[in-house]
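Novice: Next up is a structure, given as structure tokens.
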Amino acid sequence: MRILFCATLTCVGLAIVGCNHTEPFTTDYRSVGPLVPGNPTRLTYNSGVDTRASWLPDGSAFLYTQQQTTSDQDQCLAVMGRTGGATSRLICTDTDPAQDSTNVFLAPAVSTNLRMAYVRTSTIAHFGRTTPDYGALVLATYALPLPGKQIVPLPHFSPGGQSVTFASDLHWTDPTTLYFLADRFQFTCLNTNCTIADTSIVGLEIDRVITTDTPSITLVTGTVGASALATAGSDTLYYALFGSGDLHRLIISTSTDSVVFTFPDNVLGLSAASGRVAAAVAGSLHLLILATAVDSILPAAGPLQVVDHPALDPTGHLLVADVRDGGAPSDLWLWSIP
Amino acid sequence: MIRACVRLLLLTGFAVPLVAQSNGAIAGRVTDDSKKAIAGALIWVDGGRQGATTDTSGVYRVRDIRTGWHRVRVARIGYRSVILDSVFVRSGETATLDFALAAQALALDSIVVRGEVDQVLNPLATADVQAITGAEIRRLPVTTVAEAVALSAGAVGESYRGGRIGESSFILDGLGVKNQLDASTSTLGIQVPTEILTEASLVTNAFSARYGQALSGIINVVTRDAGDRWTGRVAYEGDRPLPQADDHGLDRAVITADGPLGRGIGFVGVLNAQGLIDGDPVNAPAPTDPHDPRTAEPWVLPHDGAERLDVAGKLIIPVTERNVLRLFGLRSAAQQLLFDPAFKYAPTFAPATRTVGNLYSAHLQHSSAPESRHPFGADIRVGYFNQEFLRGQTTNTPSPLVGAFSGQSLHFLDEGIARAKDTIAAMGALPGYTPPQLSDNTPWGVPGFFLGGGSRGELDWNRYRELRFQGDFTVAAGPTTDFNFGGEFERQHVETFQRVDAYLPVTGTAKDSVPPPAASDFQPQSAALYGETQMEIEDIALTVGLRFDEFDPRNQTVGQRFGARATLSPRLAMSTVLHGATFVASWGHFAQAPDFQYLVNSAFDDTTRTGRFRQGNPDLGFETATQYEFSVRGRPTDQTSVKVNAFVKRLDGLVASVPLSVNPDSAIFGNSDFGTVKGVEIILERELRGWWGARVSYTLQDAQATSTNPFILLNQFTIDPQGDTIRPARVQFPLDYDRRHALTVVLQARVPDSLGPRIAGSPIFGGLEAALIGRYNSGLPYSSTNLAGDSILGLPNSQRLPSQAQIDMLLRRSINLFGWRGGVYLDVRNLLNTVNIEAVRRDVGTPNPSTGELQAMAQAAYNANPQTIPYESPRYRAWADLNHDGYISGAGELMPLYLAAARDFTQPLFQYGPPRLFRLGVELEF
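For the protein sequence lines, the chains are A and B, in the order given. Taking the working numbering as reference, the numbering of the first sequence is continuous, increasing by one, and the terminal residue is 338. Taking the working numbering as reference, the numbering of the second sequence is continuous, increasing by one, and the terminal residue is 1926.
Laid out in structure tokens, this is it:
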């Protein structure tokens, strides 16, 4: 009897102290890692466009623009883990039940204090528009990206006096200073009657925004005609000019501008981290080690692939870039770099 | 009101009342050995605290004796006095005790005997009472008062004799307590721990005119007073040491203590704390799809945790020798996370509820001296009751202390707006609410059925407060006649707020717009007066009573002042003894004010955002019932009893939704429903003497009405081809709680201490107590509908659910160890793990949907979202990518997912009753 009594007391004690019930059904069903391992490896299979990756400051994940397959073909910001797998977050308009406009989020950049800037455009859908009806460079936070605060309307006249209709390559150099590539849309007719046309983005200049309560925009001197922009740390810009393979390095504090390397062709996309620069050069992906000035072309997965918008993670060992294979919309691929 | 008072007193001037319902009485005759009456004998109860003297015919009556065990002494000079040491007095009943005193010239010690009060043959008991004492509750596998009362014949859950929920009234120590705001759809808000009970009973026939606010029954609960020395009990019970399938995360702890505080003041206190990981365990079959997480762990539902805390305290203060003041306080807080199949994989957005109830009462009891020639008793009570209810999306996740018990309150999104009843602010989308999206974190991935990212956007709050004054007086018109009269006055305060689809603004323009926020704030008043008498004429006992009820909603709607409405409720009961059996015939008219929720507008929601709206009606009147009953009870043997009740009850003026136009969503509440309940109850009992006891009750019942639910449109009108409105014949259909057959068997046994082998002098089986409750219930009715669920096929409630059966068991073993007294017990509910079906899909009549319906659901969901799912999508599931190309595309790959999701979403859960549940308990007494 004493045993029974003690056993019961023990059970009670165990129940109170030892047991730790948890809620059932807490499984995460999302995919982890790439579908097919390899180097490079394909990260996205979306039938729409996946483009312009931008790493979080801690390198845990990156944002990119993901085109939706809904009828209005919105382009939203998705968040993907550093080694791929399922996206963990989708930043998108949620007040568009009628799907009567195409809302686009592009060129995200997150600062070390998790402020977030991006470009947002909106176009009335199904009317064959070639450029957005509305756009803005928006300031928000990574935790609460919507609705954000419009700091630069698009289109606008730049400090350099140019008509800017778009912005890209956003980069933070400190929690309040944002650099971006001011662009314009270029509408190109591909046949005589212009029944086939293409809208492309052409860089105009590099501007700097001080994101205080009253944002101020200034032109980065000497950058008119820039086609690509990257930053390294808080004091260094790398950029390239349209029609040139020269890689410029601009020390912000001293305004010292120098050409540190010359790529064999036009540079259309840049990224820099940990003494490395990745460049999209005429559809190929180059990796430049700045200390040794050694340039190598990273392998492509297929002969027809065209690479653009490279994004190095903060360690410089992972690289995500857009890859277009023939006429298909671009997807994101991941390179692991020793 | 005053005029009505006078009328009532005149009407009942001839009558004499019953004792207060928390009290009983002792009456009888004192004779000598030759059956000659002894006049002037003194009857003392509990040492003289109460008593009476016999008249010239030897008859006496001691009134206002508190329910429980008492010591009764009878003395007269020249006779040897007699003491009955254990007389149990039941609430509302008169215990008949006749004494025969032996003549004795010398003063000798009293004879102490055990009092045996025969409640069965007591001719003065005209009420149909089914009572259970606190000690019996402890011996049986029941935990709450509701479970104990549910053992009564005629009880179907909390519906009594076929009535709707909320047609009963709760009486605690003589004080009426009722959540008049939403009694028919909600709980009382307070739960009296059974550890503080002396007795709980259900009265279903012509209950005393002292009680109103009920049509079908009175639940009468009497709490115990403090003992002469400090005693207490600490108990823990749970299922957590059991294997996983039987572990529902139950932890319950109870602490009770009572004793003297000095100067005659007594104290009783109880604390009951309970946590349950799965607050609504179901015995639903496990699904067969291995991807469904319930397949591996079918026993516990997510986001279904519940906890409650009940604290009760009572002070018994003897003000003077004849006046006792009792102060009682009870606070109950209960909260539960609610499992919602749509949020199975995003449970944080599923709703939760929190209910807090408080009851504080003061009771001053006056009783006359035993020698008084004109005994007079008075009970003055003041009670304050409040209940606050919240339902919506939570903003915090309390950290559990033990299991599911945290001791912390759940908080709800925008509960401040609800409390402020701010309907202006609530016209916009409420802050913090986000629209629910089709969830991507499901095993199936596809966008269908399951929600996440936001709640349904419901916010429901109400608060009900009531201050009640009650005065009950007893005047003796003789040893066999009492006159009871009194009244009550209640001042209520009703506040409600309701908002649905809170993530959307209210536009109020389109037909499918979001219903506007509904709020109310009004202070109704209720009052009642009664008079009642019980007379004995030869072998016939006659109880006659009359009750006057009035309520005034005092609504604040401009241009709508409907004033008070009143009703008279006569009640009559007669009993007599014939050939060893007691016959009782009773008739009574009962009235209750409608739930105040029907006086205010009510907003509903449905999945298509089509707001449904019921217009409140501040002009509602009383709901009424008239019941006839004939009852026979007798004793075939000394240890057995039989009781047969037959009754017919007419319900009228029940609240129903009356169409305002041809628009099915446009309706107003009205007193339009009526019905009839007929039934027979048979109760056989063998008292627990020696080894065992048994109680068998069987109910045959037929309950019908025109509309069974206030929110269901009353189908009373039709439009003929010419457009004229036609009222068809008064056709009635089975009520929701029309249970035709109900059989309940209660067996109790106790192994004698001397029986069986012993180890170290302690018996192994001796002293073991066992109790078994078996139930068989025929199925409740339901209406068959079409696939869409919007049209009834056939007649309302023309289908029947399967019957249900269940066996519960309790084994208890007392233990004395190291000078401590205690015990261990095993309480098993649904011992055989019977799968009981409590609901079915109305379209197919089974818990599961048909294959065709599943296919249609899946096809509709696929048609809405046929998009290809790429690998990086959170919706991608590798096992469904049959060709491993990184895409789930086309009907070949997507439809199986949609079908599985539909099957998961519709899998029946709450259609099944609870599974086998264990409670392992240990208790220590001091």
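For every residue, glycine included, the Cβ atom is placed at its ideal position computed from N, Cα and C. None of the values given here were measured: they were computed from a predicted structure.
Measuring straight from C-alpha to C-alpha, what distance separates residue 77/A and residue 1619/B?
Specialist: Within the first sequence, the letter at position 77 stands for residue 77/A. Within the second sequence, the letter at position 619 stands for residue 1619/B. Rounded to whole angstroms, residue 77/A to residue 1619/B spans 57 Å at the Cα level.
Novice: In chain order, what residues of the same chain lie with their CB nearer than 6 Å to the CB of residue 186/A, ignoring the 5 residues before and after it?
Specialist: Along the first sequence, read from residue 1 onward, the residue named residue 186/A stands at position 186. These residues qualify, in order along the chain: 200 and 202.
Novice: Based on Cα-Cα distance, which residue from 1230/B, 1143/B and 1196/B lies nearest to residue 1274/B?
Specialist: In the second sequence, the residue the question calls residue 1274/B occupies position 274. For the residues 1230/B, 1143/B and 1196/B, the minimum Cα distance to residue 1274/B belongs to 1143/B.
Novice: Cutting at 8 Å between CB atoms, please list the residues of its own chain near residue 1032/B, excluding the five before and the five after it.
Specialist: Counting from 1 along the second sequence, the entry for residue 1032/B is found at position 32. Hits under 8 Å: 1038, 1079, 1100, 1101, 1102 and 1103.
Novice: Taking only runs of the beta strand (DSSP E) that begin and end inside the stretch 1055-1102 of chain B, which ones reach a length of at least 3 residues, in chain order?
Specialist: Taking only runs of at least 3 residues, the beta strand (DSSP E) segments lying wholly in the stretch 1055-1102 of chain B are 1059-1066, 1068-1075, 1082-1089, 1094-1096 and 1099-1101.
Novice: Under the DSSP definition of a beta bridge, which residues are partnered with residue 972/B?
Specialist: Residue 972/B lies beyond the range of chain B shown here (1001 to 1926); nothing can be said about it.
Novice: So, residue 1733/B versus residue 1706/B, is the Cβ gap smaller than 8 Å?
Specialist: In the second sequence, counting from the first residue as 1, residue 1733/B sits at position 733. In the second sequence, counting from the first residue as 1, residue 1706/B sits at position 706. Yes, they are a contact pair.
Novice: Can you give me the C-alpha to C-alpha distance between residue 324/A and residue 1839/B, rounded to a whole angstrom?
Specialist: As a first step, residue 324/A is located in the first sequence; it is residue number 324 there, counting from the start. As a first step, residue 1839/B is located in the second sequence; it is residue number 839 there, counting from the start. Their Cα atoms are separated by approximately 56 Å.
Novice: Relative to chain B, which residues along the stretch 64-81 of chain A have a C-beta separation below 7 Å, given in chain order?
Specialist: Listed by position along the chain: 69 and 80.
Novice: Identify the contact partners of residue 1441/B in chain A, using a Cβ-Cβ distance below 9 Å as the criterion.
Specialist: Here the question's residue 1441/B lines up with position 441 in the second sequence. 27, 28, 29 and 30, listed in chain order.
Novice: With 8 Å set as the bound, which would you pick, yes or no: does the beta-carbon of residue 1874/B sit closer than that to a beta-carbon of chain A?
Specialist: In the second sequence, counting from the first residue as 1, residue 1874/B sits at position 874. It does: the Cβ of residue 1874/B has a partner Cβ on chain A nearer than 8 Å.
Novice: Can you list the residues of chain B that residue 46/A reaches, using a CB-CB cut of under 7 Å?
Specialist: Here residue 46/A is taken as the residue at index 46 of the first sequence, counted from 1. The answer, in chain order, is 1870 and 1872.
Novice: Is the Cβ-Cβ distance between residue 1748/B and residue 1213/B less than 8 Å?
Specialist: Here residue 1748/B is taken as the residue at index 748 of the second sequence, counted from 1. Here residue 1213/B is taken as the residue at index 213 of the second sequence, counted from 1. Their beta carbons are not under 8 Å apart, which means residue 1748/B does not touch residue 1213/B by this criterion.
Novice: Could you work out which residues of chain B lie near residue 144/A, taking near to mean beta carbons separated by less than 8 Å?
Specialist: By one-based count along the first sequence, residue 144/A stands at place 144. Ordered by position in chain B, no residue passes the 8 Å Cβ test against residue 144/A, which lies about 12 Å from the chain.
Novice: On the DSSP bridge list, what partners appear for residue 1671/B?
Specialist: Within the second sequence, numbered from 1, the residue matching residue 1671/B stands at position 671. 1655/B.
Novice: Pick out whichever of 1174/B, 1545/B, 1332/B and 1277/B has its Cα sitting closest to the Cα of residue 1305/B.
Specialist: Here residue 1305/B corresponds to residue number 305 of the second sequence, with the count starting at 1. Ranking 1174/B, 1545/B, 1332/B and 1277/B by Cα distance to residue 1305/B puts 1277/B first.
Novice: Grab me the residues of residue 1553/B's own chain with a C-beta within less than 6 Å of its C-beta, minus the 5 sequence neighbours each way, in chain order.
Specialist: Counted from its first residue, the second sequence places residue 1553/B at position 553. Counting only Cβ-Cβ distances below 6 Å, and skipping sequence neighbours, we find 1524, 1599 and 1618.
Novice: Alpha carbons only, please: which of 1269/B, 1165/B, 1091/B and 1891/B is nearest the one belonging to residue 1208/B?
Specialist: Stepping through the second sequence from its first residue, residue 1208/B is reached at position 208. With distances taken between Cα atoms, residue 1208/B lies closest to 1091/B.
Novice: Report the neighbours of residue 1445/B on chain A: residues whose CB is nearer than 8 Å to its CB, in chain order.
Specialist: What you label residue 1445/B is simply residue 445 of the second sequence in a count that begins at 1. Ordered by position in chain A, the residues that pass the 8 Å Cβ test against residue 1445/B are 29.
Novice: Cα separation between residue 1188/B and residue 1240/B?
Specialist: As a working mapping, residue 1188/B is identified with position 188 in the second sequence. As a working mapping, residue 1240/B is identified with position 240 in the second sequence. About 29 Å.
Novice: Which residues in chain B have a C-beta closer than 7 Å to the C-beta of residue 61/A? List them in chain order.
Specialist: Here residue 61/A corresponds to residue number 61 of the first sequence, with the count starting at 1. The contacting residues do not exist; residue 61/A stays about 12 Å from chain B at best.
Novice: Just to confirm before moving on: does the CB-CB distance between residue 1184/B and residue 1164/B stay below 8 Å?
Specialist: Working through the second sequence from its first residue, we reach residue 1184/B at position 184. Working through the second sequence from its first residue, we reach residue 1164/B at position 164. Going by C-beta atoms, residue 1184/B is nearer than 8 Å to residue 1164/B.
Novice: Would you say the beta carbon of residue 1625/B is closer than 7 Å to some non-hydrogen atom of the ligand ADP?
Specialist: Inclusion of the ligand ADP in the displayed structure is not the case, the ligand content being empty and no account of it being possible.
Novice: I need the DSSP call for residue 1605/B, collapsed to helix, strand or coil.
Specialist: Taking the first residue of the second sequence as 1, we reach residue 1605/B at position 605. For residue 1605/B, the predicted model reports a pLDDT of 45, less than 50, meaning its position is unreliable; a value from the coordinates is still stated below. Residue 1605/B falls in the coil class under three-state DSSP.
Novice: Could you name the residues of the stretch 1283-1297 of chain B whose beta carbon sits closer than 7 Å to any beta carbon of chain A, in the order they occur along the chain?
Specialist: For the stretch 1283-1297 of chain B, which is checked against every Cβ of chain A, the residues closer than 7 Å are 1293 and 1297.
Novice: On the three-state DSSP scale, how would you describe residue 1251/B?
Specialist: Here the question's residue 1251/B lines up with position 251 in the second sequence. Reduced to three states, the DSSP call for residue 1251/B is strand.
Novice: Quick test of the definition: if touching needs 3 or more C-beta pairs under 8 Å, does the stretch 39-47 of chain A touch the stretch 1863-1875 of chain B?
Specialist: In short, these stretches touch, since the Cβ pair count reaches three.
Novice: Answer yes or no: does any C-beta atom of chain A fall closer than 8 Å to that of residue 1770/B?
Specialist: On the second sequence, position 770 is the one that residue 1770/B refers to. Not closer than 8 Å to any Cβ of chain A, the Cβ of residue 1770/B fails to qualify, so no.
Novice: Using a threshold of 8 Å, state whether the C-beta atoms of residue 1409/B and residue 1190/B are closer than that.
Specialist: Here residue 1409/B refers to the residue found at position 409 of the second sequence. Here residue 1190/B refers to the residue found at position 190 of the second sequence. Not a contact, by the Cβ cut-off of 8 Å.
Novice: Which same chain residues end up closer than 7 Å to residue 1340/B when comparing Cβ atoms and leaving out the 5 residues on each side of it in sequence?
Specialist: The sequence position of residue 1340/B within the second sequence is 340, counting from 1. 1350 and 1351, listed in sequence order.
Novice: Output the boundary residues of the beta strand (DSSP E) element that contains residue 1195/B.
Specialist: Against the second sequence, residue 1195/B aligns to sequence position 195. Careful: residue 1195/B lies outside any beta strand (DSSP E) and carries neither H nor E.
Novice: Give the C-beta separation of residue 1089/B and residue 1024/B to the nearest angstrom, bearing in mind that I take them to be a contact with Cβ-Cβ under 8 Å.
Specialist: Here residue 1089/B refers to the residue found at position 89 when the second sequence is read from its first residue. Here residue 1024/B refers to the residue found at position 24 when the second sequence is read from its first residue. Correct: roughly 4 Å between the Cβ atoms.
Novice: Decide if the stretch 1805-1813 of chain B is in contact with the stretch 1828-1839 of chain B; the criterion is three or more beta carbon pairs, one per stretch, under 8 Å apart.
Specialist: Contact holds: three or more Cβ-Cβ distances are below 8 Å.
Novice: Rounded to a whole number of angstroms, what is the C-alpha to C-alpha distance between residue 1009/B and residue 1564/B?
Specialist: For the purposes of this step, residue 1009/B is taken as the residue at position 9 of the second sequence. For the purposes of this step, residue 1564/B is taken as the residue at position 564 of the second sequence. Here residue 1009/B scores only 37 on pLDDT, less than 50, and its place in the model should not be relied on; the value that follows carries that caveat. Using only the alpha carbons, I get a separation of about 21 Å.
Novice: Taking all protein chains shown into account, do 16 or more other C-beta atoms lie within 10 angstroms of the C-beta of residue 198/A, making it buried, or fewer, making it exposed?
Specialist: Within the first sequence, the letter at position 198 stands for residue 198/A. Per the 10 Å Cβ criterion, exposed.
Novice: Less than 8 Å between the CB atoms is what I'm expecting for residue 1584/B and residue 1126/B, so what's the real figure, rounded?
Specialist: Mapped onto the second sequence, residue 1584/B falls at position 584. Mapped onto the second sequence, residue 1126/B falls at position 126. The Cβ separation is near 5 Å, so the contact holds.
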